[in-house]
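Novice:
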Amino acid sequence: MNFLRGVMGGQSAGPQHTEAETIQKLCDRVASSTLLDDRRNAVRALKSLSKKYRLEVGIQAMEHLIHVLQTDRSDSEIIGYALDTLYNIISNDEEEEVDDVEEENSTRQSEDLGSQFTEIFIKQQENVTLLLSLLEEFDFHVRWPAVKLLTSLLKQLGPQVQQIILVSPMGVSRLMDLLADSREVIRNDGVLLLQALTRSNGAIQKIVAFENAFERLLDIITEEGNSDGGIVVEDCLILLQNLLKNNNSNQNFFKEGSYIQRMKPWFHVGDENSGWSAQKVTNLHVMLQLVRVLVSPTNPPGATSSCQKAMFQCGLLQQLCTILMATGVPADILTETINTVSEVIRGYQVNQDYFASVNAPSNPPRPAIVVLLMSMVNERQPFVLRCAVLYCFQCFLYKNQKGQGEIVSTLLPSTIDATGNSVSAGQLLCGGLFSTDSLSNWCAAVALAHALQENATQKEQLLRVQLATSIGNPPVSLLQQCTNILSQGSKIQTRVGLLMLLCTWLSNCPIAVTHFLHNSANVPFLTGQIAENLGEEEQLVQGLCALLLGISIYFNDNSLESYMKEKLKQLIEKRIGKENFIEKLGFISKHELYSRASQKPQPNFPSPEYMIFDHEFTKLVKELEGVITKAIYKSSEEDKKEEEVKKTLEQHDSIVTHYKNMIREQDLQLEELKQQISTLKCQNEQLQTAVTQQVSQIQQHKDQYNLLKVQLGKDNQHQGSYSDGTQVNGIQPEEVGRLREEIEELKSNQELLQSQLAEKDSLIENLKSSQASPGTNEQSSATASARDSEQIAELKQELATLKSQLNSQSVEITKLQTEKQELLQKTETFAKSVPAPGESEAGMAAKTTDVEGRLSALLQETKELKNEIKALSEERTAIKEQLDASNSTIAILQNEKNKLEMDVTDSKKEQDDLLVLLADQDQKIFSLKNKLKELGHPVEEEDELESGDQDDEEDEDEDDGKDQDHV
1 MNFLRGVMGG QSAGPQHTEA ETIQKLCDRV ASSTLLDDRR NAVRALKSLS KKYRLEVGIQ
61 AMEHLIHVLQ TDRSDSEIIG YALDTLYNII SNDEEEEVDD VEEENSTRQS EDLGSQFTEI
121 FIKQQENVTL LLSLLEEFDF HVRWPAVKLL TSLLKQLGPQ VQQIILVSPM GVSRLMDLLA
181 DSREVIRNDG VLLLQALTRS NGAIQKIVAF ENAFERLLDI ITEEGNSDGG IVVEDCLILL
241 QNLLKNNNSN QNFFKEGSYI QRMKPWFHVG DENSGWSAQK VTNLHVMLQL VRVLVSPTNP
301 PGATSSCQKA MFQCGLLQQL CTILMATGVP ADILTETINT VSEVIRGYQV NQDYFASVNA
361 PSNPPRPAIV VLLMSMVNER QPFVLRCAVL YCFQCFLYKN QKGQGEIVST LLPSTIDATG
421 NSVSAGQLLC GGLFSTDSLS NWCAAVALAH ALQENATQKE QLLRVQLATS IGNPPVSLLQ
481 QCTNILSQGS KIQTRVGLLM LLCTWLSNCP IAVTHFLHNS ANVPFLTGQI AENLGEEEQL
541 VQGLCALLLG ISIYFNDNSL ESYMKEKLKQ LIEKRIGKEN FIEKLGFISK HELYSRASQK
601 PQPNFPSPEY MIFDHEFTKL VKELEGVITK AIYKSSEEDK KEEEVKKTLE QHDSIVTHYK
661 NMIREQDLQL EELKQQISTL KCQNEQLQTA VTQQVSQIQQ HKDQYNLLKV QLGKDNQHQG
721 SYSDGTQVNG IQPEEVGRLR EEIEELKSNQ ELLQSQLAEK DSLIENLKSS QASPGTNEQS
781 SATASARDSE QIAELKQELA TLKSQLNSQS VEITKLQTEK QELLQKTETF AKSVPAPGES
841 EAGMAAKTTD VEGRLSALLQ ETKELKNEIK ALSEERTAIK EQLDASNSTI AILQNEKNKL
901 EMDVTDSKKE QDDLLVLLAD QDQKIFSLKN KLKELGHPVE EEDELESGDQ DDEEDEDEDD
961 GKDQDHV
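In this text, residue positions in the sequence shown follow the UniProt record's numbering: the first is 1, and each later residue adds one.
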């Protein structure tokens with residue numbers, strides 16, 4: 001600010017020119033200074049002046065500030081000052097209150113100033129693109145001012161800025177990144193920016209939605225505490241409304257992304273003592289509106305029903321009904337909840353059935369519908385709440401014939417509770433219909449009319465309702481009581497409601513028209529009302545009376561002779577005049593409140609005086625006004641012709657319907673016959689294919705049978721040559737004898753070894769010879785053991801070979817049996833098959849003979865196969881017995897081998913002991929030799945003998961033994 005003081009101090013001109021000259025000098029500094037610090041200080045000074053001298057700074061500095069944004073991107077501080085200055089120039093928000101402001105300065109801060117500066121700024125689209133690029137900077141002092149400036153631009157000239165951002169590459173994506181910023185200030189202002197960006201622009205709404213906006217916004221709402229959160233939750237909800245309202249694509253994306261399920265936790269309001277802050281009430285109000293956006297009656301029916309289904313499946317409807325029946329809920333939240341539940345159940349049968357089952361937590365429990373109707377007919381309840389209950393009742397009955405029947409049934413004599421302990425919906429409606437409160441009369445009449453909407457059955461059932469007017473007087477029908485109240489001259493709102501009920505009741509119901517005309521006072525009353533010249537307030541009642549009389553003519557079945565169509569028209573012409581009648585009929589559609597009611601189904605009125613027309617009734621007026629006009633102007637001859645034409649058409653329609661049914665039945669029969677023909681063709685083709693396959697299979701079986709025959713013959717010859725039992729499991733008897741001889745030899749060798757070892761124990765002088773003898777015995781025993789093991793292994797291998805042969809033979813036998821069964825089955829099927837159509841009787845006889853011949857041949861071959869299989873089974877049994885015998889022989893040989901191995905092991909141990917003794921003897925001999933050398937005895941001969949023994953261990957010499965004895 002020292003720089004600013006210096007600039008301001010150098011001004012000697014008058015006060016009117018001081019600020020303009022200062023701003024001019026600062027702009028010159030920004031444009032011409034080469035030092036970044038000087039430019040930064042100048043921009044900072046412009047920022048401080050921009051709030052008070054908005055016009056001057058905007059006119060002189062805007063171009064220089066934009067140039068700073070383009071050239072000084074590297075310095076975040078000067079960029080931040082420039083953005084703040086531009087925001088102060090463009091924005092209309094006054095963040096600080098300045099006292100004693102001169103009048104001329106206050107006039108400069110008009111709202112037009114902001115839009116003018118905005119228009120100058122966005123004239124060059126590159127400026128908006130420049131701001132979008134600055135959003136990529138992470139620095140707080142750059143990003144936050146850029147967000148605020150863009151928001152201000154969108155508030156001033158939204159559509160133009162939206163178009164620039166839409167065509168800018170990655171423009172919307174950069175703005176979506178603001179929701180992921182960890183700094184809450186930037187994130188929250190980013191939500192406000194997106195609110196302004198998505199307002200009334202479907203293309204941008206779709207782009208934002210597909211940039212994962214739903215996921216991010218719902219995460220923020222959850223993080224902030226759902227309905228208990230602050231104003232950030234409200235901002236996110238408003239942004240969600242912008243994205244979803246009147247945008248079918250985004251609504252479908254929201255539903256398909258399973259985001260409806262994430263709305264359920266919003267409505268966990270807790271206990272009644274938790275408190276309702278103003279922000280919580282606001283949040284819940286916007287949340288309920290968001291639910292209504294998804295199920296609005298103005299949405300496509302398919303999209304609405306799918307959202308209604310999802311809300312029921314995820315439990316959202318149940319949660320809303322919990323709030324509906326809870327205590328301590330604020331009135332405006334309760335009202336909006338009723339409206340929300342109304343649209344969630346409207347026209348969707350499953351939700352309507354669930355709502356009918358909801359009970360209020362009272363003692364005894366009462367249906368929620370009854371509790372709501374009690375509020376509707378209670379004049380002490382708030383007007384908006386009563387309108388919401390009426391809307392809920394209308395939505396419950398919309399396209400719900402089951403619900404309409406349940407409501408009407410509560411009025412019938414057979415279902416009324418005689419004890420009077422509980423109040424039904426029908427009783428409440430009747431009580432409201434005849435109460436002293438005109439608003440209750442109107443609401444009850446409209447509610448009852450919705451119970452009859454497009455339901456001829458319930459219109460007829462309602463004629464049975466009887467009312468007890470006073471003690472001692474006979475009961476009066478509901479229809480008669482309504483007309484009685486009309487004739488008593490009650491309030492306009494009451495009469496309008498009753499007339500709408502009667503028009504709905506009598507339309508498309510000739511029986512109700514007959515009951516109405518049966519009372520002789522009704523027609524004179526209507527003609528008298530229509531014929532009078534009354535004030536503007538009564539014109540609407542006259543129009544409704546004309547409509548009711550026109551319905552009595554148009555839907556008259558001429559069952560009453562005194563009130564036939566022609567007589568009623570003559571009465572109108574005499575007492576009213578056709579033109580006057582049509583004019584009075586037109587009063588309805590010309591009424592100022594008629595067009596308002598025809599726009600939306602919800603009865604949304606600013607005050608009770610405006611509650612005149614019902615939305616569904618306006619549809620009925622549009623439908624009947626034209627046809628009644630035509631019916632009034634038609635002559636009796638035309639009526640007769642029309643009746644004749646109608647009868648002819650009805651007869652024609654009945655004939656056409658009869659023939660249509662006949663044609664439909666014949667079509668079904670033709671389809672069945674076609675299916676049968678196609679089935680028979682397929683069966684015929686399958687049978688022919690089966691015959692061909694059977695012929696080829698029979699040939700294959702013959703070839704296989706012949707091969708098996710040859711193989712079995714060879715096997716029988718091979719087994720016959722060894723039938724004397726000399727061969728066991730493929731082992732020759734010579735081999736068995738040889739094995740036994742070898743075992744005997746091993747035994748004798750073992751005995752010899754044992755005897756030799758015993759001799760060596762007593763004869764120390766023969767140590768050398770006995771030392772050679774055990775080595776020989778060891779080699780021979782090892783050789784015999786190895787040979788024995790090889791022979792056993794050969795025996796086992798031959799045994800396994802024999803087992804595999806047996807298994808293969810058994811498999812072949814099983815295969816033959818299976819093929820035999822298949823042949824028998826196919827033969828029987830072929831014998832029972834139906835011959836193909838178109839063949840002559842002679843051809844069939846020839847084929848039958850051929851088939852019988854083939855069958856006999858097949859049966860003969862089958863018998864032969866049975867005999868051969870039996871023979872093979874017997875041979876297999878004999879082979880198994882031989883196999884068992886060979887297994888037992890091998891087991892005996894194995895036991896003998898184990899014994900021999902144990903004997904060999906024992907002999908090895910004895911040899912080891914002898915070797916130890918020999919070593920001791922050698923040590924003794926060596927010591928004796930040393931003593932002999934000491935004594936001077938020669939030992940050369942012994943050394944030679946010893947060396948000779950080492951060269952030839954197998955040669956034993958008795959002289960060596962004598963020399964040792966001598967020593």
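Ideal Cβ positions, reconstructed from N, Cα and C, are used throughout, including at glycine.
(1) With a 10 Å radius around its C-beta and 16 neighbouring C-beta atoms as the bar for buried, classify I655 as buried or exposed.
(2) Compare the Cα-Cα distances from A468 to each of Q461, S477, N400 and L462 and report the closest residue.
(3) Using alpha carbons as the reference points, say which of R73, L154, G405 and I23 lies closest to E119.
(4) If we ignore side chains and look at the alpha-carbon of each, how far apart do G403 and C395 end up?
(5) Which same chain residues, not among the five before or five after A445, have their C-beta less than 7 angstroms away from its C-beta?
(6) Mapping the DSSP letters down to three states, classify R386 as helix, strand or coil.
(7) From K123, I122, G114 and R40, pick the residue whose C-alpha is nearest to that of A82; which is it?
(8) Is the beta carbon of K206 less than 8 angstroms from the beta carbon of S249?
(9) What would DSSP say about V476, mapped onto helix, strand or coil?
(10) Can you tell me which residues form a DSSP beta bridge with A278?
(11) Should Y348 be flagged as near chain B, meaning a C-beta pair shorter than 8 angstroms?
(12) Could you name the residues that DSSP lists as bridge partners for Q466?
(13) According to the neighbour-count rule (16 or more other Cβ atoms, all chains shown, within 10 Å of its Cβ), is D235 buried or exposed?
(14) If you follow the alpha helix (DSSP H) that G403 is part of, which residue opens it and which one closes it?
(15) Is the stretch 365–379 touching the stretch 569–588 in the sense that three or more CB pairs, one from each, lie closer than 8 angstroms?
(16) Once the 5 residues before and after A356 are set aside, which same chain residues still bring their CB inside 8 angstroms of it?
(17) Would you call Y554 buried or exposed, if buried means 16 or more other Cβ atoms sit within 10 Å of its Cβ?
(18) Could you compute how far the alpha carbon of R386 sits from the alpha carbon of G550?
(19) Just reading off the alpha helix (DSSP H) that C545 is part of, what are its end residues?
(20) Just mark T457 as buried or exposed, buried being the case when its beta carbon has 16 or more other beta carbons within 10 Å.
(21) What three-state label does DSSP hand P265 in the structure shown?
(22) On the premise that P475 lies in contact with Q488, defined as a C-beta separation below 8 angstroms, what is that separation, rounded to the nearest angstrom?
(23) Which residues mark the beginning and the end of the alpha helix (DSSP H) in which E234 is found?
(24) Helix, strand or coil for G14? Go by DSSP, reduced to three states.
(25) By DSSP, does P159 sit in helix, in strand, or in coil?
(26) Measuring alpha carbon to alpha carbon, tell me which of E901, T322 and V291 ends up nearest Q308.
(27) Spatial neighbours of S589 within its chain, please: CB distance less than 7 angstroms, with the 5 preceding and 5 following residues excluded, ordered by chain position.
(28) Relative to the C-alpha of C443, which residue among L452, A425, G713 and L390 is closest?
(29) Assuming Y633 is part of the alpha helix (DSSP H), what are its boundary residues?
(30) Quick one: what's got a C-beta closer than 7 angstroms to Q56's C-beta in the same chain, skipping five residues either side?
(31) Would the beta-carbon of P330 fall within 8 angstroms of that of W266?
(32) Rounded C-beta distance between I628 and L585? I'm assuming under 8 angstroms.
(33) Compare the Cα-Cα distances from T71 to each of A31, S91, E744 and N661 and report the closest residue.
(34) Quick one: Cα of E874 to Cα of E745, how far?
(35) Quick one: grab the DSSP three-state call for P361.
(36) Report all residues from its chain with a CB closer than 7 angstroms to the CB of L131; omit the five preceding and five following residues, and keep chain order.
Specialist: In short, the structure shows the following:
(1) exposed
(2) S477
(3) L154
(4) 11 angstroms
(5) L433, G497, L498, M500 and L501
(6) helix
(7) R40
(8) yes
(9) strand
(10) In the DSSP output, where bridge partners are listed per residue, A278 has none listed.
(11) The chain inventory of the structure shown lacks chain B, comprising one protein chain alone.
(12) S477
(13) buried
(14) Q401 to S409
(15) no
(16) P367, I369, F396, G403 and E406
(17) buried
(18) 32 angstroms
(19) E536 to Y554
(20) exposed
(21) helix
(22) Going by Cβ atoms, the distance from Q488 to P475 rounds to 19 angstroms, so no, they are not a contact pair.
(23) I231 to L244
(24) In this predicted model, G14 has a pLDDT of only 39, less than 50, meaning its place in the structure is not dependable; the value taken from the coordinates is given anyway. Correct three-state label for G14: coil.
(25) helix
(26) V291
(27) V621 and E625
(28) L390
(29) H615 to Y633
(30) First, the residue type needs correcting, since residue 56 is Glu and not Gln in the sequence shown. Excluding sequence neighbours, E56 sits near E19, A20 and I23.
(31) no
(32) 7 angstroms
(33) A31
(34) 42 angstroms
(35) coil
(36) A146, L149 and L150
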